[in-house]
Amino acid sequence: MIDQDVIERTLSVALRTGADFAEVYAEDKRNTSVSLDDGRIEQVTSGRDRGAGIRVIKGETTGFAHSSDLSESGLAEAARAAAAAASRGDGGARAVSLQPTTAHTVNTVDVLPETVPKVTKVEMLQRIDDAARSAGDEVVQVSAGYGDSRKRVLIANSEGVFVTDDIVRVLARISVVADGDAGMQTGFQSMGHTIGWEVFDPANDLYVDIDALARDAARQAIVKLGARPAPSGAMPVVIKNGTGGVLFHEACGHGLEADHIQKGASVYAGKTGELVASPLVTLVDDGTMAGEWGTLAVDDEGHETQRNVLIEDGVLTDYMWDHIRSRKAGRDPSGNGRRQSFMHLPMVRMTNTFVLDGPDDADEIVASTDHGVYVSHLGGGSVNTATGDFVFGMNEAYLIENGEITEPLREGNLIGNGPQVLRDIDMLADDFAMGNPGTCGKDGQGVPVGDGQPTLRVKSLTIGGTAA
Amino acid sequence: MSGSDLPGIVDHVVAQAQPGEQLEAFVSRGGETEVRVYQGDVEHFVDAQAEGIGIRVLRDGRTGFAYAGTLDPAAVDEVLADARDNVRFGTVDDWAGLAEPDGVEVTDQSLWSDELADFPTDRKIELAKELERLAVAADTRVRIDDANYSDAYGEAAVATTTGIRQWGRENGCYVTISTLADDGDETQTGFGFSVGRTPDVLDLERAAREGADRATRLLGATKPESARTTVVLDPLVTAQFLGIISSTLNGEAVVKGRSLFKDRLGDEVAPPFVHLIDDPTNPLAYTAVDVDGEGLAARRNALIDGGVLSRFTHNSYSARRAGTVSTGNATRGGFAGTPGVGALALSLEPGSRSQQEIVGDIDHGVLVQSVTGIHSGVNPISGDFSTGAAGLMIRKGAVAEPVREFTIASTLQRMLLGIVEVGADLDWLPMRAAGVSLVITDVTMSGE
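Going down the list, the sequences are from chains E and A.
Going letter by letter, the first sequence gives residues 175 to 642 in the working numbering.
Going letter by letter, the second sequence gives residues -15 to 432 in the working numbering.
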């Protein structure tokens, strides 16, 4: 994308005011998306984003500027702006010598989506529409989207890092509206992977049956037509495998990000080595899982991703780190420095965050619950890391009565406190599954993340419904 | 059209339209500075610019679109070629088409400040530092997560083969602070902000005081008992609530059968004293604009008039499909997207009493000061409403103990009908709705 000697000279310019650290993050991204709504292909969109972000750190201050001009003069201008933003002094010239490295391979792409004809992508959405509408006469509206992207990145810094990566993503989402006597209900499904079009090939390990996904979104909407209002108040909640990883993302993941820790803005600050969760819980953040939505070969600061155990048998073992926070703590980063694009500063972010299998049987967990709620599809959520209070939506949920899953429930939020919920996990099954692709928002930036978990029970969570 | 090069770029693209082709070009350029201060030092300083173009092509009822984050002439040519190629795959839609000039006069807004454009960097840093100092001084229990000064400018031009040709620019600035308050083992958080078209109107004192108040007022808060009760929404919460209501009045959702109010124009959906207005021509609104995302004049629309559902918001597509005219409510997220529909500057007509007077009449209820998860727990299609909340209990006409970690739930339909009073405290906020105290009966509060 850009020659090594140009990058070296750009970094030298960025260091001219006496900075401690300078970095170039360049990207060239192309994407294609198709949207279907109301039975029509609304439009096919082609997009291109290209540019470089330059970060300069001097002392405790970070300066950042970016440019969509990748010529040497464009890069130099951004480098001077970033250097000026970081400091007003003059530190003299400093040469930079880069050591090109090859990142470990985490994803293998067989069929680049850009080689697949647009018409094939259009036909897939039409199949989704057909599959969802044929699920029942109650289905009145379907909207679906497909998107693929290929992002080539180059990351180099004044410590000698020089690495490139080629990131391919494929995503689809399906929303269904069903109509009945008691009004409309909605169903939603999605898929996303960091591999190519082969994800739709039944022979692939990560194969997604897109028709089944569409039928499932329709089923959700239809089932909810007969739903009763969700209960109100605290009760046991069982969360189906592969649908509730967002609980851990919110309840503790964000609180284990080192930026919150260092500012004393997390309930988990100073708790390393302490029991913070039920001994059943082992929590991992792993950027290396082949093909998953949050997977990357290198993070957006050029560090190889890795598998980080955050909580082991209930004991807090480590936080997640980026360049700035690890430098401050005098340790290695953990491959968790991420950014939305070349226009954004990196910060500590999750990759794929999940809880490992426990000893219990999923059916037994339901059978041993006298009265509670079974959540089979969680929606989005949010957390206050300083208090640990979090909420998330139940897209599909049922009542549990006398150990059996009974009536469907209308939508509502669940609310709880992270540290309390981690302690309150009293059953954990052995049926681990990854969940839907997510976009994690932090400080105005969205990045792709994955999550996963086995079926589990929290002995008390507050359900925000309207029924007594 | 000023000395900008953007109108020339869109004109150049539109001039390349082929016979039988409708074409729209939208270009924008913008930038921002962001200063974040932590413990008296600059933590980061971001100086960022971006520009790009989006081109929409329509032929025989089919639509294609492409964009690029650059205005490089070769890239612009590529975008036009991609958009044309993409047309082939669209489904024929008889209602597809670009906006056409409708003769509605543009209400000029003063959206640009030279004073802000020339505001020196050192002063920006000083403002962020001053804000941090004020918030720390406001209460001994308060510490700061971050204090920020930000400003942004943008200019955009749009032109179509149907005769739309608009250019505009605006800038603005704001300060924000994230606070933490500690008391023993307990920590709570808060935030404060102030927004303006020029730096001199930024109210640092108020942002700092509100940041400190929001964090400290929840110290000692407990989880309340579950109850069915009356809620008083603080102005900021009401503004978020109105944003959700407006998504059910979105013309695109209506024509695609996705609005719970789709067949209800003319129905009483709220008590007679409720008037919900969308008016981006009101200069008091931070989201005031002269033209909408398709280049039509922004205008005042009464959506709920005397409790009666009177109008949906439309862009030119949804209007054509609904057999009506655009209400000037096209929204556009930037050059990378095509126009959507949405309210631009909502407000409820205020009542006559202060929040304190309103609370004085309530025997049991909760003053909701903040909500979380409003987007995960509210479904504007089914109408189900459930959100996390924090605030103060109301007992015998006075605010009482702080409460947190509970939810409030109902349905959007019932909440509108359950409005019993609108406060007098209308407050324009940096969002697409103004805040005002709002009293709603028969809402379920879930806690213990």
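We put the beta carbon where it would ideally sit given N, CA and C, even for glycine.
| Item | Value |
| --- | --- |
| On the premise that Leu244 of chain E lies in contact with Gly227 of chain E, defined as a C-beta separation below 8 angstroms, what is that separation, rounded to the nearest angstrom? | At roughly 11 angstroms, the Cβ-Cβ gap does not stay under 8 angstroms, so Gly227 of chain E and Leu244 of chain E are not in contact. |
| Give the interface partners of Val351 of chain E over in chain A, defined as CB-CB distance under 8 angstroms, in chain order. | Gly241, Arg242, Ile365 |
| Kindly indicate if chain A contains any beta-carbon less than 9 angstroms away from that of Met175 of chain E. | no |
| Which residues bound the beta strand (DSSP E) around Gly168 of chain A? | Where Gly168 of chain A is concerned, there is no enclosing beta strand (DSSP E), given that its DSSP letter is neither H nor E. |
| Using the Cα positions of Met601 of chain E and Leu233 of chain A, report the straight-line distance between them to the nearest angstrom. | 44 angstroms |
| Around the Cβ of Ser515 of chain E, are there at least 16 other Cβ atoms within 10 angstroms (buried) or fewer (exposed)? | buried |
| For Met(-15) of chain A, count neighbouring Cβ atoms within 10 angstroms of its own Cβ and tell me buried if that reaches 16, exposed if not. | Note that Met(-15) of chain A scores a pLDDT of 47, beneath 50, so its modelled location is shaky and nothing firm can be said. |
| Using a cut-off of 7 angstroms between C-beta atoms, extract the partners of Lys437 of chain E located in chain A. | Asp129 |
| Could you have a look at Asn433 of chain A and say whether DSSP puts it in helix, strand or coil? | Not covered by the structure: residue 433 of chain A. The range shown for chain A is -15 to 432. |
| Examine chain E for any beta-carbon lying closer than 9 angstroms to the beta-carbon of Ala9 of chain A, and answer yes or no. | no |
| Is there a Cβ of chain A sitting closer than 9 angstroms to that of Val313 of chain E, yes or no? | no |
| In angstroms, rounded to a whole number, what distance separates the CA positions of Gly321 of chain A and Thr219 of chain E? | 9 angstroms |
| Mind checking if Met399 of chain A is an interface residue toward chain E, Cβ cutoff 9 angstroms exclusive? | no |
| Does any residue of chain A bring its CB to less than 9 angstroms from the CB of Glu575 of chain E? | no |
| Provide the residue span of the alpha helix (DSSP H) that contains Leu187 of chain E, from first to last. | Going by the sequence as given, residue 187 of chain E is Val instead of Leu. Unbroken alpha helix (DSSP H) run through Val187 of chain E: 178 to 188. |
| In three-state DSSP terms, what is Ile589 of chain E? | strand |
| Which class does His359 of chain A belong to by DSSP, given the choice of helix, strand or coil? | coil |
| Listing by chain order, which chain E residues have their CB less than 8 angstroms from the CB of Asp44 of chain A? | Under the 8 angstroms cutoff, chain E gives no residues; its nearest Cβ is about 14 angstroms from Asp44 of chain A. |
| Looking at chain A, which residues of the stretch 572 to 603 of chain E have a Cβ within less than 7 angstroms of any of its Cβ atoms? | Arg584, Glu585, Gly586, Asn587, Ile589, Asn591 |
| Could you give the residue range of the beta strand (DSSP E) that holds Ala408 of chain E? | 406 to 413 |
| Pull the bridge partners of Leu573 of chain E from the DSSP assignment, please. | E:Val547 |
| Given Ser134 of chain A, which residues of its chain have a CB within under 8 angstroms of its CB, disregarding the five upstream and five downstream residues? | Glu16, Thr17, Glu18, Val19, Cys157, Tyr158, Val159, Thr160 |
| Run down chain A in chain order and give the residues with a C-beta less than 7 angstroms from the C-beta of Phe362 of chain E. | In chain order: nothing, as chain A lies at least about 10 angstroms away. |
| State yes or no: is the C-beta of Thr425 of chain A within less than 9 angstroms of the C-beta of Ala393 of chain A? | no |
| At a Cβ threshold of 9 angstroms, is Asn558 of chain E touching chain A? | yes |
| Output yes or no for whether 9 angstroms exceeds the beta carbon distance between Gly14 of chain A and Ala131 of chain A. | no |
| Can you check DSSP and say which residues form a bridge with Cys614 of chain E? | E:Val621 |
| Quick check: what's the CA-CA separation for Gly334 of chain E versus His477 of chain E? | 12 angstroms |
| Between which residues of its own chain and Gly195 of chain A is the CB-CB distance below 7 angstroms, once the five residues before and five after are set aside? | Ala119, Ile161, Thr163, Gly174, Phe175, Gly176 |
| Just how far apart, CA to CA, sit Asp340 of chain E and Ile637 of chain E? | 43 angstroms |
| With 16 as the cutoff for other CB atoms within 10 Å, does Thr235 of chain E come out buried or exposed? | buried |
| Applying the criterion that 16 or more other CB atoms from any shown protein chain within 10 Å of the CB defines a buried residue, is Thr646 of chain E buried or exposed? | For chain E, the structure presents residues 175 to 642; residue 646 of chain E sits outside this window and is missing. |
| May I have a chain-ordered list of the beta strand (DSSP E) segments no shorter than 3 residues that lie completely inside the stretch 187 to 257 of chain E? | 195 to 211, 214 to 232, 235 to 241 |
| State the DSSP-derived secondary structure class of Tyr158 of chain A, mapped to helix, strand or coil. | strand |
| Would you list the residues sitting across from Ala330 of chain E in a DSSP beta bridge? | E:Val198, E:Phe336 |
| Compare the beta carbon distance of Gly461 of chain E and Gly416 of chain E with 9 angstroms and say whether it is the shorter of the two. | no |
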